[in-house]
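Asker:
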DNA sequence: GCGGACTGCTTACCT
DNA sequence: ACAGGTAAGCAGTCCGCG
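Residue numbers (the numbering used here): 1207 to 2096.
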């Protein structure tokens, strides 16, 4: 273990308990309970492993909260960083499932669907704060003996509050638990430990955040431990299986589990490198050692699997890539088929749609699900991967890839199989360990912020994270979680979107000129939407409040008043979004850029600010999503309207003080040759006018604008090129266009000043002419010519139109039997003839429709040509002059 | 029946 | 099941022409 990690663990173990006792007052004595017994099977393998309660006074990491149907209780999974084991702590606070309603108790007692239900427990009266009025209200609490009863009863009343929350999450809210944080156990109760701010730290924090409001200060102090408490590493193992398949192109179905598991690889964070492999007659045998790998051979599948169960049981966390859909259910159903299902430490729950898999001795994290998450992809990893298989994700963020096979795993020799299998497990583990465990730390921080257990966190989308975070905050503040109807009743939409079918008007994009411009400075508003939410106090309960004495107008770029915001109290979303934004911008972004600090500490700050970014950037969007339980269209509409107001006002001011604005999109302005004084002037004006940070984001040596919106090339002083939106950048563009565009890019990047433009223009024209000529001479092969388009749904779901890639996929399926499914990338070329396309696998070079490719060359390069004032005809007419013997007809 | 104008669908990008 | 805005290319439809 490295020194840095050791320190972290020590810090973790010596963490100070937070004074307040977060668990309920009704705690009873610790309850002894075990989930499984240790048993030895016929082969002498230790297969059923005991799950014991945690010890008193020790420090544990809370990983997960779940519900045990047999015990009828919620339980916590607690990780012990010293033993590397997970312990189970059952609820001993007599917490029970419930929901709320405004129907009075005497009326409830007459509803037989509720009181006659076998799981009905009792009725109570509770006091909550109505988020809209801020006043206390009395509600009826219906308590049940099991969570399913809530589902049966909630429709028996006109309005049921908080009745759609999963029980174990309700448990987390009521006990104020924070998954991902350390806890000690005393008298069978959890007490939060972790880094609480000292007096000096607290004062420094409030000063840095510039907070004066009492509620905001208290919330900031409450949130401090979430970001500052060290994150311990957790012992874990990546698992990957290989299954025998008789034919290519057929993925085995886990439910049937009809083919044998021929190899299982395990890569442990403790250094274990193990492959369990089946001896077979059909492929070349192999015995011996392999390059640091611990290989074990088995004569039959049953003993291979039993050994796997034994080995995996030593780990509290199992990692897979797509294990939810394949590896874990396959292992489970195969074990059942072989008569050893009872030994498998996994549970496969058949839920609507997707299978959910559980690892009984800890956690199973399916990294595919986590990396597929849109918010993780875009905000945490800045779209470094755009395909979602292990190879693409690992290459995108690790730079490591799978071992390439010419055939399928069933046919390779054992040595190749072992190496191939192990590599998959190794890179799966690597995805959580690279860069000082960045991904593991990110997951823990996301769990702390969202208050979701790790298993749920890694399987749901960002809207669920945000929903859970807000529910938790409501409960902690005694606020009633409002129904969707109550929110929708208030703010009505006042604008219409530019795009058909969208709910409300969005951002402004300034039309750019076509041309090459030297010395361009890009200014942007730091976290515009979150800052607007904070500064204008935007929240579902403050926008268009029914009664309010202190209101502020929400205006758009034309000065029209769209909504009114109540400024009497801080709105909850304004508070939380503002807090995350301020923590990120004023503290962690700065800390992550410090030069004189410990690199591992610096990396942690980087993860912290990234985790915050995920929530900050998605918060605005969820309130504009009609499926979100706190859907508040007036909130979303107010945010974009104010955003337009801000950028339009700034644009106008910039013009007044003589700045030349070339372009802008949503929250940015591109300025041509801005003098220092005016630049500082506009920044100051924005700060004074809106209390927003308007910062220099980038300084480009030159920017090439195609004349299209969201479409340009920016070159930094050091020659680094950023391409935005251009065709050559798109994933579906054929390779020959991408590579030839690179040469053009190099010419553009080498320009130093206006004086170089004419020479560059000539070179660019020449280059494009050569590409055009080579294409006409069929100088490219099929792979280079292939368009690569993702099938976003299964073929039979293309009912309205049949796009080209779907046609190609259909041909592939019909003539080769190769299975094509949603998310597959289809490679096809454009050909003459019926469909106009053929999958590369079936096409021949001579069928290629050259005219179609000329079109592709034209549209790709026209985006650059336009900036130089050239047209496509300028290129093709040169050809007709140059190529004397083969004049073109155009 | 043909072809241009148009709308709609699909994919992939930007903020 | 976070949002709206922009672009490209094709599929499919409508409509006038003759």
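Beta carbons: idealized from backbone N, C-alpha and C, even for Gly.
Whole angstroms is fine: what's the gap from residue 1865's alpha carbon to residue 1880's?
Answerer: Counting from 1 along the first chain, the entry for residue 1865 is found at position 659. Counting from 1 along the first chain, the entry for residue 1880 is found at position 674. Their Cα atoms are separated by approximately 6 Å.
Asker: In three-state DSSP terms, what is residue 1406?
Answerer: Looking up residue 1406 in the first chain gives position 200. Helix.
Asker: Alpha carbon to alpha carbon, how far is residue 1412 from residue 1696? Give it in angstroms, no decimals.
Answerer: Numbered from its first residue, the first chain carries residue 1696 at position 490. Numbered from its first residue, the first chain carries residue 1412 at position 206. Going by the C-alpha atoms only, they are around 34 Å apart.
Asker: Would you kindly check if the distance between the Cβ of residue 1499 and the Cβ of residue 1481 is under 8 Å?
Answerer: Locating residue 1481 in the first chain gives position 275, counting from the first residue. Locating residue 1499 in the first chain gives position 293, counting from the first residue. In contact: residue 1481 and residue 1499 (Cβ atoms closer than 8 Å).
Asker: For residue 1744 versus residue 1841, is the C-beta distance shorter than 8 Å?
Answerer: The residue you call residue 1744 lines up with position 538 of the first chain. The residue you call residue 1841 lines up with position 635 of the first chain. Yes, Cβ-Cβ distance for residue 1744 and residue 1841 is below 8 Å.
Asker: According to DSSP, is residue 1587 helix, strand or coil?
Answerer: Numbered from 1 along the first chain, position 381 holds the residue referred to as residue 1587. Here residue 1587 sits in coil by DSSP.
Asker: Using DSSP bridges, identify the partner residues of residue 1870.
Answerer: Looking up residue 1870 in the first chain gives position 664. DSSP lists 1716 as partners of residue 1870.
Asker: Taking only the alpha-carbon atoms, compute the straight-line gap between residue 1346 and residue 1653 and give it to the nearest angstrom.
Answerer: The count along the first chain starts at 1 and reaches residue 1346 at position 140. The count along the first chain starts at 1 and reaches residue 1653 at position 447. Approximately 31 Å between the Cα atoms of the pair.
Asker: Quick one: is residue 1901 buried, meaning 16 or more other Cβ sit within 10 Å of its Cβ, or exposed?
Answerer: The count along the first chain starts at 1 and reaches residue 1901 at position 695. By the neighbour-count rule (16 or more Cβ atoms within 10 Å), residue 1901 is not buried but exposed.
Asker: What residue range does the beta strand (DSSP E) around residue 1388 cover?
Answerer: Within the first chain, residue 1388 is the residue found at index 182, counting from 1. Here the beta strand (DSSP E) through residue 1388 covers 1388 to 1392.
Asker: Quick check: residue 1600 and residue 1912, are their CB atoms within less than 8 Å of each other?
Answerer: Taking the first chain and counting its residues from 1, the one referred to as residue 1600 is at position 394. Taking the first chain and counting its residues from 1, the one referred to as residue 1912 is at position 706. The answer is no: Cβ separation not under 8 Å.
Asker: How close, in whole Å, do the beta carbons of residue 1656 and residue 1663 come, if the pair is a contact with beta carbons under 8 Å?
Answerer: Mapped onto the first chain, residue 1656 falls at position 450. Mapped onto the first chain, residue 1663 falls at position 457. About 6 Å separates the two Cβ atoms, so the contact holds.
Asker: Taking C-alpha atoms, which residue in 1795, 1792 and 1843 lies nearest to residue 1762?
Answerer: As a working note, residue 1762 is residue 556 in the first chain. Closest by alpha carbon: 1843.
Asker: Going by other Cβ atoms of all chains shown within 10 Å of its Cβ, with 16 needed for buried, is residue 1332 buried or exposed?
Answerer: For this step, residue 1332 is matched to residue 126 along the first chain. A residue is called buried once 16 or more other Cβ atoms fall within 10 Å of its Cβ, and residue 1332, having fewer, is exposed.
Asker: Beta strand (DSSP E) containing residue 1598: first to last residue?
Answerer: Here residue 1598 corresponds to residue number 392 of the first chain, with the count starting at 1. Not the beta strand (DSSP E): residue 1598 falls in the alpha helix (DSSP H), residues 1596 to 1603.
Asker: May I have a chain-ordered list of the beta strand (DSSP E) segments no shorter than 3 residues that lie completely inside the segment 2037 to 2079?
Answerer: 2043 to 2045
Asker: Please confirm whether residue 1456 and residue 2025 have their CB atoms less than 8 Å apart.
Answerer: The sequence position of residue 1456 within the first chain is 250, counting from 1. The sequence position of residue 2025 within the first chain is 819, counting from 1. Yes, Cβ-Cβ distance for residue 1456 and residue 2025 is below 8 Å.
Asker: Using CA atoms only, rank isn't needed, just tell me which of 1922, 1793 and 1891 is closest to residue 1903.
Answerer: Within the first chain, the letter at position 697 stands for residue 1903. It is 1922 whose Cα lies nearest to the Cα of residue 1903.
Asker: Based on Cα-Cα distance, which residue from 1983, 1967, 1694 and 1569 lies nearest to residue 1283?
Answerer: For the purposes of this step, residue 1283 is identified with residue 77 of the first chain, where counting begins at 1. Among 1983, 1967, 1694 and 1569, the Cα nearest to that of residue 1283 belongs to 1569.
Asker: Can you look up residue 2010 in the DSSP assignment and give me helix, strand or coil?
Answerer: On the first chain, residue 2010 is found 804 positions in, with the first residue counted as 1. Here residue 2010 sits in helix by DSSP.
Asker: If you reduce the DSSP assignment to three classes, tell me which class residue 1492 lands in.
Answerer: One-based indexing of the first chain puts residue 1492 at position 286. It is coil, neither helix nor strand.
Asker: To the nearest angstrom, report how far apart residue 1688 and residue 1680 are at their CA atoms.
Answerer: Numbered from its first residue, the first chain carries residue 1688 at position 482. Numbered from its first residue, the first chain carries residue 1680 at position 474. Going by the C-alpha atoms only, they are around 10 Å apart.
Asker: Could you say which of 1634, 1625, 2016 and 2033 lies nearest to residue 1994 if we only look at CA atoms?
Answerer: Here residue 1994 is taken as the residue at index 788 of the first chain, counted from 1. The candidate whose alpha carbon is nearest that of residue 1994 is 2033.
Asker: What did DSSP end up calling residue 1738 once you bin it into helix, strand or coil?
Answerer: The count along the first chain starts at 1 and reaches residue 1738 at position 532. Looking at residue 1738 - three-state DSSP - the assignment turns out to be helix.
Asker: Helix, strand or coil for residue 1964 per DSSP?
Answerer: One-based indexing of the first chain puts residue 1964 at position 758. Looking at residue 1964 - three-state DSSP - the assignment turns out to be helix.
Asker: Is the CB-CB distance between residue 2036 and residue 2042 below 8 Å?
Answerer: Start at 1 with the first residue of the first chain, and residue 2036 comes out as number 830. Start at 1 with the first residue of the first chain, and residue 2042 comes out as number 836. Result yes, Cβ atoms of residue 2036 and residue 2042 sit closer than 8 Å.
Asker: To the nearest angstrom, how far is the alpha carbon of residue 2059 from that of residue 1734?
Answerer: Counting from one through the first chain, the residue named residue 2059 turns up at place 853. Counting from one through the first chain, the residue named residue 1734 turns up at place 528. Answer to the nearest angstrom: the Cα atoms are 42 Å apart.
Asker: Please say whether residue 1403 and residue 1433 have beta carbons closer to each other than 8 Å?
Answerer: By 1-based counting over the first chain, the position of residue 1433 is 227. By 1-based counting over the first chain, the position of residue 1403 is 197. No, Cβ-Cβ distance for residue 1433 and residue 1403 is not below 8 Å.
Asker: Are residue 1440 and residue 1522 close, meaning C-beta to C-beta below 8 Å?
Answerer: For the purposes of this step, residue 1440 is taken as residue 234 along the first chain, with counting starting at 1. For the purposes of this step, residue 1522 is taken as residue 316 along the first chain, with counting starting at 1. Cβ atoms of residue 1440 and residue 1522: closer than 8 Å.
Asker: Taking the C-alpha atoms as reference points, what is the distance between residue 1731 and residue 1874?
Answerer: For the purposes of this step, residue 1731 is identified with residue 525 of the first chain, where counting begins at 1. For the purposes of this step, residue 1874 is identified with residue 668 of the first chain, where counting begins at 1. Taking the straight line joining both Cα atoms gives about 7 Å.
Asker: Compare the beta carbon distance of residue 1525 and residue 1622 with 8 Å and say whether it is the shorter of the two.
Answerer: Along the first chain, one-based indexing puts residue 1525 at 319. Along the first chain, one-based indexing puts residue 1622 at 416. Not a contact, by the Cβ cut-off of 8 Å.
Asker: How would you call residue 1267, buried or exposed, if buried means at least 16 neighbouring beta carbons within 10 angstroms?
Answerer: Numbered from its first residue, the first chain carries residue 1267 at position 61. With 16 or more other Cβ atoms within 10 Å, it is buried.
Asker: Can you find the residues in the same chain that come closer than 7 Å, C-beta to C-beta, to residue 1505, ignoring five residues on each side of it along the sequence?
Answerer: As a position in the first chain, residue 1505 is number 299, starting the count at 1. For residue 1505, where only same-chain residues beyond five positions count, the Cβ hits under 7 Å are 1485.
Asker: Going by other Cβ atoms of all chains shown within 10 Å of its Cβ, with 16 needed for buried, is residue 1446 buried or exposed?
Answerer: Within the first chain, residue 1446 is the residue found at index 240, counting from 1. That one is buried.
Asker: Specify, as a first and last residue, the run of the alpha helix (DSSP H) that residue 1359 falls within.
Answerer: Within the first chain, the letter at position 153 stands for residue 1359. Per DSSP, residue 1359 belongs to the alpha helix (DSSP H) from 1353 to 1359.
Asker: For residue 1472, report the span of its alpha helix (DSSP H) as first-last.
Answerer: For this step, residue 1472 is matched to residue 266 along the first chain. From DSSP, residue 1472 is part of no alpha helix (DSSP H) but of the beta strand (DSSP E) over 1467 to 1474.
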